[in-house]
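Down below is the structure, laid out as structure tokens.
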Amino acid sequence: MRTDDFWAVISRATAERPASPAEVARRAVADLATRDPDEIVAWGRHLDKVMAASGTQDLWAAAYLINGGVGEDGFDSFRGWLIAHGREAVARSVKAPDSLADVAVIKAAADTGAVFEAEEVLSIAAEAYAEATGSPLPEGDRPVIRPDVAELWDFDNEEEMHRRLPKLSALFLAEPA
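Per UniProt numbering: the sequence shown = residues 1 to 177.
Laid out in structure tokens, this is it:
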């Protein structure tokens, strides 16, 4: 499966916006479940690649600011939310995590406290495979999908947050002294 084919599944699932990430996941599962099981496995491997490519410290820090703190599972769920918004949203966020400050719903979250998670997006391949075959998705070698927690910079260091993510910090943190 090519990268374009992976994203085509998400594009079809998001074609009728607005759709919640849960709806995107449901549509993607329905799409994939009609395919050959090997294609579903390949789609899941591409999802792992997207998760690995988006597993940067600064994107994790952005998720930490936006969602009021996140651990490993929360960071994964945040990236599931990004994936549900399509290829461009993921690419832009990986390249420049601070650009998330320009997204209207994230700007609003500074006041509302909304949290952005979509764990269901991360299980699309497993659910589609189970639906198609009645069996669990075969386990394969998975890439490392996020940095080691022990090697992260200190997300509670507000000065460092302001330096690395100035626009998000302006939304979610007090101004530096």
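All C-beta atoms, glycine included, are put in the ideal place defined by N, C-alpha and C.
Rounded to the nearest angstrom, the gap between the Cα atoms of R87 and F78 is 15 Å.
About 29 Å separates the Cβ atoms of I106 and L32, ruling out a contact at the 8 Å cut-off.
In this structure, P166 keeps its C-beta atom at 8 Å or more from the C-beta atom of Q57. In this structure, the beta-carbon distance from P143 to D48 falls below 8 Å.
Secondary structure remark: continuous beta strand (DSSP E) runs of at least 3 residues inside the segment 137 to 163: none found. If you ignore the 5 residues before and after A52, its C-beta comes within less than 7 Å of the C-beta of P143, V144, I145, all in its own chain and listed in chain order.
Taking the Cα of A170 as reference, the smallest distance to any Cα among L65, Y129, E119 is reached at L65. Per DSSP, A170 is one residue of the alpha helix (DSSP H) stretching across 166 to 172.
Annotated as proximal: L59 and S93, with beta-carbon spacing under 8 Å. When the Cα atoms are used, V70 and A42 turn out to be separated by approximately 29 Å. If you compare the alpha carbons of A13, E117, R45 with that of D141, the shortest gap goes to R45. Its Cα nearest to that of A108, the residue F172 stands out among F172, T133, A150, A132. Unbroken alpha helix (DSSP H) stretches of 4 residues or longer found wholly inside the UniProt domain "DUF4240" (1 to 130): 3 to 13, 21 to 32, 37 to 53, 57 to 66, 72 to 83, 87 to 95, 104 to 112, 119 to 122, given in chain order.
Approximately 13 Å separates the beta-carbon atoms of A30 and I10; this is outside 8 Å, ruling out the contact. Note on G113: under 16 other CB atoms within 10 angstroms of its CB, so exposed under the neighbour-count rule.
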